[in-house]
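> Take 1 as the starting number for the sequence shown in UniProt numbering and just add one per residue.
Don't be surprised by glycine CBs; every beta carbon is placed ideally from N, CA and C.
Dropping a structure here in C-alpha cells format, bear with me for questions.
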Amino acid sequence: MQGIRPVGREASSRKYDLLSALMAHGLAGDKHRQRLVLRLMALITTRYNWQRDELTVGQAEIARLWSVDERTVKRDMARLRDLGWIVVKRPGARGRVSVLGLAFDRILLDTRPAWPNIGPDFVARMGGAGPEQAGAGEDSTVIPFRRPRPAATGSGPWAAACALLAAEDAPVFDAWLAPLTEAGIEGGQLVLLAPSRFHASYVLANLRERLVTALRRADPSLAGVTVRA
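Right under this line is the structure:
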C-alpha cells in the first residue's frame, strides 16, 4: 500500500490521493459517516499544516467552521481519535490548544475498500490492487509465506479484533498477528503472548497502533495492549 508523503516530490498529488480516498469512503458510508468525513476534510483543507503534520485549532474555531456547537465538536473529535485517524501529538496545557496529527496509514487502511469506486488507476497508483499486496510494501521484513489462520472463536475483544485486522491487511495479520494468543486483561490492557521475544518486539515496534485501534473498536473500555514473549 502506497503511503502518503506530506512533503517532498509528488507531495501535491499525494495530498489529493488522501482526500480522494476519504471522499470515496465517506460517499460509500451512511449519512453519519459522510458527515464525519466531510468535517475532517474541512479541517484538513483549511487548518492542517502538511509540512509539520500538525492540526492546531481550538474547539470554538472548529465549531464555527462546522456550523455546530462545541459539544458536537468534542463528540466528533473523540470519534476521529477512536478511529485512529487523528492522534494527539501534544496535549493542550495552560490555555494552549492540543497539537494533533493525522494517522495516514490508518486512514488508508480504513478507506481502501472504497478505492475501486474511484477507478482502477487510483487502486494501482496506491498499491492496493489485491489483498496479497496490501502489506508487502510496508516493511521488507514481513514473512512472505502464509501461516494457518486460526478461527476467531468466541465473542471476546481479541476475536473481534482479529476479524478486523485480518480483513484490513491479510498478509501482515497472517505473518505477525495470527500467532499471538490472548492471555487475559491486566489493568485495562489486553495481554497477548508472542511465540518469541523478537516477535513480541517487532509487533510492539511496528504494529502496536493497529492493535490498539482494532481492540478499541472491538471494546472501547480497553486502554491498550501488552505483548509478551
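1. Hey, how far is the Cα of proline 120 from the Cα of alanine 183?
2. Can you tell me the Cα-Cα spacing of arginine 146 and alanine 178, whole angstroms?
3. Let me know the secondary structure DSSP gives isoleucine 118 once reduced to three states.
4. What are the boundary residues of the alpha helix (DSSP H) that alanine 78 is part of?
5. Closest to residue 272 by CA distance: which of Leu108, Thr181, Thr45 is it?
6. Quick check on this structure: which residue in Val68, Leu55, Arg112 has the alpha carbon closest to the alpha carbon of glycine 92?
7. Is there contact here, the segment 74-90 with the segment 32-52, by at least three beta-carbon pairs under 8 Å?
8. From aspartate 30 to alanine 218, what does the alpha carbon distance come to, in whole angstroms?
9. Tell me whether the segment 210-227 and the segment 179-199 touch, counting them as touching only if at least three CB pairs, one residue from each stretch, are closer than 8 Å.
10. State the DSSP-derived secondary structure class of threonine 56, mapped to helix, strand or coil.
11. Could you pull the start and end residues of the beta strand (DSSP E) that valine 225 belongs to?
12. Opposite isoleucine 44 in the DSSP bridges: which residues?
13. Which stretch, first to last residue, makes up the beta strand (DSSP E) that contains alanine 183?
14. From the DSSP output, in three-state form, read off valine 37 for me.
Inspection of the coordinates gives the following:
1. Counted from its first residue, the sequence shown places residue 120 at position 120. Counted from its first residue, the sequence shown places residue 183 at position 183. Distance between the alpha carbons of proline 120 and alanine 183: 42 Å.
2. By one-based count along the sequence shown, residue 146 stands at place 146. By one-based count along the sequence shown, residue 178 stands at place 178. Residue placement at arginine 146 is flagged as unreliable, the pLDDT there being 48, under the threshold of 50; the coordinate-derived value follows with that caveat. In this structure, the CA atom of arginine 146 is about 10 Å from the CA atom of alanine 178.
3. The residue given as residue 118 occupies position 118 in the sequence shown. The answer is coil: DSSP assigns isoleucine 118 none of H, G, I, E or B.
4. The sequence position of residue 78 within the sequence shown is 78, counting from 1. 70-83 is the span of the alpha helix (DSSP H), which, as asked, contains alanine 78.
5. The structure shown does not extend to residue 272, since the chain is modelled only from 1 through 229, so no value can be given for it.
6. What you label residue 92 is simply residue 92 of the sequence shown in a count that begins at 1. The shortest C-alpha separation from glycine 92 is found at Leu55.
7. Yes, since at least three Cβ pairs between the segment 74-90 and the segment 32-52 fall closer than 8 Å, the two stretches touch.
8. In the sequence shown, counting from the first residue as 1, residue 30 sits at position 30. In the sequence shown, counting from the first residue as 1, residue 218 sits at position 218. One alpha carbon belongs to aspartate 30, the other to alanine 218, and they sit about 20 Å apart.
9. Segments in contact, yes.
10. Counted from its first residue, the sequence shown places residue 56 at position 56. In the three-state scheme derived from DSSP, where H, G and I count as helix and E and B as strand, threonine 56 is classed as coil.
11. Locating residue 225 in the sequence shown gives position 225, where the first residue counts as 1. From DSSP, the beta strand (DSSP E) with valine 225 extends over 224-228.
12. In the sequence shown, residue 44 corresponds to position 44, counting from 1. DSSP output for isoleucine 44 lists no bridge partner at all.
13. Locating residue 183 in the sequence shown gives position 183, counting from the first residue. From DSSP, the beta strand (DSSP E) with alanine 183 extends over 181-186.
14. Within the sequence shown, residue 37 is the residue found at index 37, counting from 1. In this structure, valine 37 counts as helix in the three-state DSSP scheme.
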